[in-house]
Structure formats: C-alpha cells, structure tokens
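Peer 1: Numbering (my numbering), first residue to last: 35 to 529.
Cβ atoms here follow ideal geometry from the backbone N, Cα and C, with glycine treated the same way.
As the structure is a computational prediction, the values presented were derived from the model and not from experiment.
Okay, here's the structure, questions in a sec.
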Ligand code: URP
Ligand code: ZN
Ligand code: ZN
Ligand code: ZN
C-alpha cells in the first residue's frame with residue numbers, strides 16, 4: 035500500500051477545524067498531521083487547497099439485501115458499500131435480522147457473514163436484531179458480544195407478529211444487554227395500535243399508500259419511544275432510539291435526558307428532508323416509494339427534529355437504507371399493507387445533510403461531522419479508530435469541495451432501484467474523493483468543470499472492505515450510571 039500526502043486541506047473534526055494542514059497516510063493509517071510535511075519519494079501527493087478533509091461518513095443504519103415484506107431489499111453489500119464510497123461514507127453499520135421462525139442470533143450471524151464476507155468495498159460493522167427472547171437467546175447475546183464483536187441490539191416494538199417483542203421480553207433482553215455492556219436499540223412504534231390503525235383504514239376502504247401514513251400517527255411513535263425509555267430505565271440499560279421521525283418521540287428522549295438517563299436519538303436524512311405529502315400523490319409509484327416505517331410526517335416534525343439535532347437530543351443521522359424497486363412496491367398496489375417498507379439514501383446522506391444543515395446555517399461544519407460520523411463512532415465504540423482525523427486513526431477520509439455542485443437524481447445514482455428519494459435536490463458542497471483505510475477508493479471526475487456523478491473512478495474491489503468488530507462497554511455510553519443509582523431495597527418488618 036502506497037503512502038499518500040494530503041497537502042494544505044482544512045481538517046474538520048467534530049471538535050476543531052485545522053486550516054492549511056498536511057496529512058500523511060501510510061499503510062491505511064493517518065501517521066502524521068502537521069503544518070508542513072516534507073514530500074518524500076514514493077508518496078502520492080494530493081493538493082487539497084480550498085478543500086475540506088472530513089472523517090469518512092458513518093451510516094449507522096442500513097439493511098443490505100434484507101429479507102423483508104416477502105422479498106429482499108435490492109441493494110446488497112457490494113452495491114451498498116460502493117454507494118457509500120461514492121457519497122463520502124467509509125463505514126456502514128448494517129443490521130443482521132433473524133426471523134420469528136428462526137430467531138437464533140448465531141444462525142442469522144452466519145447467514146449475514148456469508149453475504150458480507152469479501153463482498154464489501156468499504157468497512158462494515160453489524161448490529162443484531164432480537165426478535166424473540168428466552169434463555170438460549172440470552173446465551174447467544176453473549177456470543178455476539180464476546181465472539182462476533184457485535185455490541186448493539188435492535189428491538190422492535192412494531193411489526194406485530196413478524197418482529198415485534200412484548201414488553202416483558204424487551205425488559206429481559208434490555209437487562210441482559212446491560213450486563214454485557216451492549217447498547218439496546220429500539221424501533222419505537224406501537225405495533226398493536228398500528229394494526230388497529232390499519233384495520234380502521236381497511237374498514238373505510240382506504241387501501242392506497244396514504245393509508246400507511248394515516249394508520250400510524252406520530253403519537254404512536256411517541257408512546258412507544260416513551261415506553262421503551264421507561265423499560266430501559268427499569269432495566270438500567272442505555273437506550274438508542276433508531277429512526278426518530280417526529281416531535282413526540284424526540285421530545286420523549288429529551289425528557290429522559292433531562293432526567294439524567296443515558297439515551298440517544300438517531301434521525302434519518304429522509305425524515306429530516308421530506309414531509310408526508312407524497313403519500314397523496316396520484317402516481318402510485320411515487321406514493322409507494324415513500325412507504326417506510328415510521329412514515330414521513332407533516333412539516334412541523336422536521337422542524338422539531340432539526341431543533342433536537344441542534345440541542346443534542348438527536349446524536350446521529352442514518353439512512354435506514356432498505357430499498358425496493360417499483361415492481362416490489364407494486365406488490366401492495368391494492369393493499370397498502372403489502373407494500374414493502376423501506377427507503378434509501380446511503381449515497382446522498384452526507385450531501386443532503388450538508389445542504390440542509392450546513393448551507394442553511396442550522397448546524398456548523400463541526401456539528402455536521404459529529405452527526406454524520408463522530409457521534410456514531412463514539413456511541414458504537416469504534417472511536418478514535420473511526421470518526422476523526424488524527425494520528426493513529428484509520429485513514430477514512432472524505433475530501434470535500436465546498437464549491438462543487440450537483441443535482442441528485444435517480445438517473446445518475448448507483449442504487450439498483452429506479453428512483454431517488456432526493457430527486458432534484460441541488461447540492462453545493464460535494465465529496466470529490468473518498469479514502470478508505472488509506473486507499474483512494476472513489477474519485478469523482480469532472481467534465482467541463484461539472485462533476486460527472488454517474489461515472490466515478492472506483493479503485494477498490496469488494497475484497498477491500500473489512501468486517502469491523504466492536505467491543506462492549508463503550509466509554510461514551512457506560513462511563514456513568516445509566517439512570518440513577520439503584521434504589522436501596524428496604525422491607526418493613528411486620529409481626
Ligand atoms: O421501513 C423500514 N424502516 N424498513 C426497514 C426496517 C426497519 O424498520 O428499520
Ligand atoms: Zn504531529
Ligand atoms: Zn426500524
Ligand atoms: Zn431499519
């Protein structure tokens with residue numbers, strides 16, 4: 035592996051900006067960060083004048099080729115990781131998801147490893163979903179943490195009959211995760227009441243995609259988020275709420291934080307940029323493309339989510355990338371309940387958040403790095419190997435041209451589906467090169483001064499990426515009591 039010297043860029047980390055600085059990369063690692071590093075022989079020099087050097091993006095929520103809704107998500111590990119490096123991300127944290135018919139974590143792990151091994155263009159780490167709980171699963175949780183390097187576990191309060199866990203099992207699994215130093219995650223929507231909402235739509239004869247939104251209002255997410263937080267409190271377990279889409283849910287996390295509870299919110303680039311209007315589009319394909327859970331919400335919720343990014347209630351941003359093409363979505367043409375749930379975004383998440391967050395003045399460039407990379411690295415315990423540009427860290431770097439522009443489109447993206455959730459969005463500030471563990475993984479080309487997004491130079495194959503194991507007891511999660519010290523258990527003696 036050759037040495038690379040990045041000359042005169044501006045480093046943007048979550049806690050500092052360092053202008054006009056040189057970064058030397060050797061054997062996959064950042065070995066030196068200094069004002070002036072001498073150019074030696076056999077070093078590839080890249081002039082970064084006027085460019086930002088950002089820690090590679092970390093997408094903490096993806097579903098590559100996930101079996102879901104009677105089909106498989108279209109984008110797989112090879113393509114998803116290719117999209118990552120094209121868009122400036124260098125690590126995906128993907129979900130392994132067992133089924134109710136075989137809830138074994140060990141079996142699911144083996145299946146997903148077959149899918150991922152030697153099939154990734156950049157690094158991938160994994161969360162595990164817990165879809166049933168018993169003594170055996172409790173043992174397998176330990177195997178995941180100690181042998182597989184998986185320290186985060188998603189629990190579903192939604193998808194009744196498919197993935198949903200009832201409260202007593204949630205509690206037992208949360209307790210076990212806390213013993214093991216793992217982080218509990220929840221998909222928080224009240225699954226029982228979503229089914230009631232669906233039945234209500236069916237009774238009214240509303241069977242189109244708009245029924246998806248109408249059947250699961252935001253307060254069902256608020257209820258489930260609050261409940262999950264209280265169950266985590268009882269279990270003395272830290273909690274990470276995935277894809278927070280609304281004011282009620284983010285307010286619940288804010289209240290728990292105010293009470294001193296260790297908990298985190300994640301929002302998606304899609305929920306931060308889109309409202310629910312598409313569900314009423316006359317074109318089924320357009321409406322169905324937006325069917326995901328939780329659904330897109332009326333505008334006021336977007337405002338709340340951005341405020342909660344500003345005040346630190348929402349720590350991370352992901353995509354929940356889990357895409358289905360028009361044909362798959364049409365499985366629910368006559369019945370919204372059969373539209374496979376999921377939307378995309380891996381390739382565009384950094385650009386969209388730069389445009390809507392930084393360019394609008396809502397967040398600083400440092401905040402951007404925090405919510406797209408560093409905070410996820412800390413919470414999921416890969417910091418400072420990932421999520422920062424400093425000596426000793428992995429050389430995962432996105433070189434950002436703040437003046438370059440592009441327009442997002444399904445015509446130029448690299449997803450296997452026909453449409454893009456951010457179609458037509460104009461972006462100023464573009465990742466022009468992505469370095470993954472010291473290798474120039476993706477280089478965008480310019481034609482007549484315009485970025486040719488469709489035809490980037492990809493310089494790595496699917497054997498380049500590594501599966502990243504993570505240790506439990508992340509210091510950013512477990513360094514203090516999760517809630518309040520256990521109450522003294524007292525008993526009154528009565529004769
Ligand atoms: O609709 C969604 N979100 N599909 C992916 C699975 C999940 O719930 O994260
Ligand atoms: Zn130094
Ligand atoms: Zn989910
Ligand atoms: Zn998901």
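Going by beta-carbon coordinates alone, are residue 323 and residue 363 separated by less than 9 Å?
Peer 2: Cβ atoms of residue 323 and residue 363: closer than 9 Å.
Peer 1: In three-state terms, what does DSSP make of residue 331?
Peer 2: Reduced to three states, the DSSP call for residue 331 is strand.
Peer 1: What first and last residue would you give for the alpha helix (DSSP H) that runs through residue 284?
Peer 2: Segment 281-292, the alpha helix (DSSP H) holding residue 284.
Peer 1: Which residue wins for smallest C-alpha separation from residue 441, given the options 461, 54, 274 and 244?
Peer 2: Taking only the C-alpha atoms, the option nearest residue 441 is 461.
Peer 1: Using 8 Å as the cut-off, classify the Cβ of residue 187 as near or not near the heavy atoms of ligand 4, replying yes or no.
Peer 2: Answer for residue 187: no, Cβ out of range of ligand 4.
Peer 1: So is residue 294 buried or exposed if we call it buried at 16+ other beta carbons inside 10 Å?
Peer 2: So residue 294 counts as exposed.
Peer 1: Can the beta-carbon of residue 83 be found less than 9 Å from the beta-carbon of residue 43?
Peer 2: Yes. Within cutoff.
Peer 1: Determine which residues share a DSSP beta bridge with residue 465 and list them.
Peer 2: Residue 465 pairs with 434.
Peer 1: Considering residue 320, what are the terminal residues of the alpha helix (DSSP H) in which it resides?
Peer 2: Its alpha helix (DSSP H) spans residues 318-323.
Peer 1: Alpha carbon to alpha carbon, what distance is there between residue 187 and residue 288?
Peer 2: C-alpha separation (whole angstroms): 22 Å.
Peer 1: Where the beta carbon is closer than 6 Å to any heavy atom of ligand 3, which residues qualify, in chain order?
Peer 2: Those satisfying the condition are, in chain order, 221, 276 and 277.
Peer 1: Reducing DSSP to helix, strand and coil, say where residue 356 ends up.
Peer 2: Correct three-state label for residue 356: coil.
Peer 1: Specify the secondary structure class of residue 303 as computed by DSSP and reduced to three states.
Peer 2: Note: residue 303 maps to helix in three-state DSSP.
Peer 1: May I ask whether a heavy atom of ligand 1 can be found less than 8 Å away from the beta carbon of residue 192?
Peer 2: Checking every heavy atom of ligand 1 against the Cβ of residue 192, one is found closer than 8 Å.
Peer 1: Hey, is the region 268-284 in contact with the region 233-246, meaning 3+ C-beta pairs nearer than 8 Å?
Peer 2: No, because fewer than three Cβ pairs between the region 268-284 and the region 233-246 fall closer than 8 Å, the two stretches do not touch.
Peer 1: Please identify the residue among 284, 39, 189 and 109 whose C-alpha is closest to the C-alpha of residue 376.
Peer 2: Minimum Cα distance to residue 376 is reached at 109.
Peer 1: Closest to residue 347 by CA distance: which of 369, 338 and 473 is it?
Peer 2: It is 338.
Peer 1: Below 6 Å CB to CB, which residues in the same chain sit around residue 349 once its five sequence neighbours on both sides are set aside?
Peer 2: Cβ neighbours of residue 349 beyond the five flanking positions: 298 and 409.
Peer 1: What does DSSP give as the partner residue(s) for residue 105 in the beta ladder?
Peer 2: Residue 105 is bridged to 102.
Peer 1: Kindly list the residues whose CB is nearer than 7 Å to the CB of residue 150, restricted to its own chain and excluding five residues on each side of it in sequence; keep chain order.
Peer 2: Counting only Cβ-Cβ distances below 7 Å, and skipping sequence neighbours, we find 111, 158 and 501.
Peer 1: Could you tell me how far apart the beta carbons of residue 535 and residue 467 are, in whole angstroms, since I believe they sit closer than 8 Å?
Peer 2: No statement about residue 535 is possible, as the shown extent of the chain runs from 35 to 529 and does not include it.
Peer 1: My output table needs one value for residue 33: the three-state DSSP class, helix, strand or coil.
Peer 2: The shown model of the chain, from 35 to 529, leaves out residue 33, and the question about it has no answer.
Peer 1: Using a Cβ-Cβ cutoff of less than 8 Å, which residues in the same chain neighbour residue 199 once the five nearest sequence positions on both sides are dropped?
Peer 2: Only 164, 165, 166, 167, 189, 190, 191 and 207 meet the Cβ criterion.
Peer 1: Express the C-alpha separation of residue 235 and residue 497 in angstroms, rounding to a whole number.
Peer 2: One C-alpha to the other measures close to 48 Å.
Peer 1: How is the alpha helix (DSSP H) around residue 220 delimited, first residue to last?
Peer 2: Careful: residue 220 lies outside any alpha helix (DSSP H), inside the beta strand (DSSP E) at 217-221.
Peer 1: In terms of alpha-carbon separation, which member of 445, 173, 231 and 195 lies closest to residue 211?
Peer 2: Closest option to residue 211, Cα to Cα, is 173.
Peer 1: Opposite residue 274 in the DSSP bridges: which residues?
Peer 2: 219 and 298.
Peer 1: Ends of the alpha helix (DSSP H) at residue 490?
Peer 2: Careful: residue 490 lies outside any alpha helix (DSSP H) and carries neither H nor E.
Peer 1: Please list, in chain order, all residues of the same chain as residue 446 whose beta carbon is under 7 Å from its beta carbon, the five residues on each side excluded.
Peer 2: Excluding positions up to five away in sequence, the list reads 487 and 488.
Peer 1: With distance defined between alpha-carbon atoms, name the residue in 449, 302, 419 and 507 nearest to residue 472.
Peer 2: Taking only the C-alpha atoms, the option nearest residue 472 is 419.
Peer 1: Is residue 498 near ligand 1, with its Cβ less than 8 Å from a heavy atom?
Peer 2: For ligand 1, not one heavy atom lies less than 8 Å from the Cβ of residue 498.
Peer 1: With a threshold of 16 other CB atoms inside 10 Å of the CB of residue 526, please say whether the residue is buried or exposed.
Peer 2: So residue 526 counts as exposed.
Peer 1: Between the Cα of residue 53 and those of 76, 79 and 88, spot the shortest distance and give me the residue it belongs to.
Peer 2: Comparing Cα-Cα distances from residue 53 to each of 76, 79 and 88, the minimum goes to 88.
Peer 1: Give a single yes or no on whether residue 205 has its beta carbon closer than 8 Å to a heavy atom of ligand 4.
Peer 2: Not under cutoff, so the answer is no.
Peer 1: The beta strand (DSSP E) that contains residue 86, what's its start and end?
Peer 2: It spans 86-89 - the beta strand (DSSP E) in which residue 86 sits, taken as one unbroken run.
Peer 1: Quick one: grab the DSSP three-state call for residue 548.
Peer 2: Any answer about residue 548 is impossible in this case: the structure gives the chain only from 35 up to 529.
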